[in-house]
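Take 1 as the starting number for the sequence shown in the UniProt record's numbering and just add one per residue.
Note sheet for the following structure.
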Amino acid sequence: MGIERRALAAAGLALVLGGCAATQDVAVERVSAEQYAPTSVVEVLQRAPARPYQLIARLDASGAAGTPVAQVLASLQAKAAALGANAIVVQDLSTRQQGTLQLDPSGGQMTQTAAQVVPHLKAQALRYTGN
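Structure representation (structure tokens):
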């Protein structure tokens, strides 16, 4: 029974570590030397806001083919929040990867894999200034 528990524990650990591998690394280029307290809410914008702001960092994140763009966007928001940003202006540079033909060994037939999005997002992390 001890071996079964170890096998279950190892399988559980593999699942947890596999889930961690799916997180995106976010490259950060700091523009401001100032350090800010983390924020709890980061707005996602398609263009610069009308209100006054300071650019604090440029962010870049991508994921493997098939990774949801929303997951990469959430990584950008989390990094921006940690930097003290109030908003990010996002640029979507995602590409579409064509499907491929593969031989199905069980039936000897060719199958087409679906095309997938390869997510790539860049963002400017902004901190609002003034009132």
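Using N, Cα and C, we set each Cβ at its ideal position, and we do this for glycine too.
Model, not experiment: these values are computed from the prediction.
Selection from Leu55, Arg51, Gln24 that minimises the alpha carbon distance to Ala33 = Locating residue 33 in the sequence shown gives position 33, where the first residue counts as 1. Ala33 has its Cα closest to that of Leu55, out of Leu55, Arg51, Gln24.
message = What does the alpha-carbon distance come out to for the pair Ala114 and Leu121?
response = Taking the first residue of the sequence shown as position 1, residue 114 is located at position 114. Taking the first residue of the sequence shown as position 1, residue 121 is located at position 121. Each residue's Cα considered, the two are about 22 Å apart.
Alpha carbon of Met110 to alpha carbon of Thr100, nearest angstrom = Walking along the sequence shown from the start, residue 110 turns up at place 110. Walking along the sequence shown from the start, residue 100 turns up at place 100. Using only the alpha carbons, I get a separation of about 10 Å.
inquiry  = Using only the alpha-carbon positions, how far apart do Ala48 and Ala85 sit?
reply    = Your numbering for residue 48 matches position 48 in the sequence shown. Your numbering for residue 85 matches position 85 in the sequence shown. Roughly 13 Å separates the two Cα atoms.
query = Does the distance from the CB of Leu73 to the CB of Ala125 come in under 7 Å?
reply = In the sequence shown, counting from the first residue as 1, residue 73 sits at position 73. In the sequence shown, counting from the first residue as 1, residue 125 sits at position 125. No, the Cβ-Cβ distance between Leu73 and Ala125 is not below 7 Å.
Ala80 versus Glu43, Pro119, Val118, residue with shortest Cα-Cα distance = To locate residue 80, count along the sequence shown from 1; it is residue 80. Nearest C-alpha to Ala80: Glu43.
inquiry  = Less than 6 Å between C-beta atoms, sequence neighbours within five positions excluded: which residues of the same chain meet that for Arg30?
reply    = On the sequence shown, residue 30 is found 30 positions in, with the first residue counted as 1. Excluding residues within five positions, the ones whose Cβ falls inside 6 Å are Ala57.
inquiry  = Quick check for students: name the residue ranges of the alpha helix (DSSP H) that lie wholly in the stretch 44–113, counting only runs of 4 or more.
reply    = 69–83
request  = With a threshold of 16 other CB atoms inside 10 Å of the CB of Pro119, please say whether the residue is buried or exposed.
outcome  = Indexing the sequence shown from 1 puts residue 119 at position 119. Result: buried.
task = Starting from the C-beta of Ser75, find all residues in its chain whose C-beta is less than 7 Å away, skip the five residues before and the five after it, and write them out in chain order.
result = One-based indexing of the sequence shown puts residue 75 at position 75. Closer than 7 Å at the Cβ level, and outside the excluded window around Ser75, lie Thr23, Gln24, Val26, Ala61.
request  = State the DSSP-derived secondary structure class of Gln124, mapped to helix, strand or coil.
outcome  = Along the sequence shown, one-based indexing puts residue 124 at 124. Three-state DSSP puts Gln124 in a strand.
inquiry  = Rounded to whole angstroms, what is the Cα-Cα separation between Thr67 and Val117?
reply    = Locating residue 67 in the sequence shown gives position 67, where the first residue counts as 1. Locating residue 117 in the sequence shown gives position 117, where the first residue counts as 1. Each residue's Cα considered, the two are about 7 Å apart.
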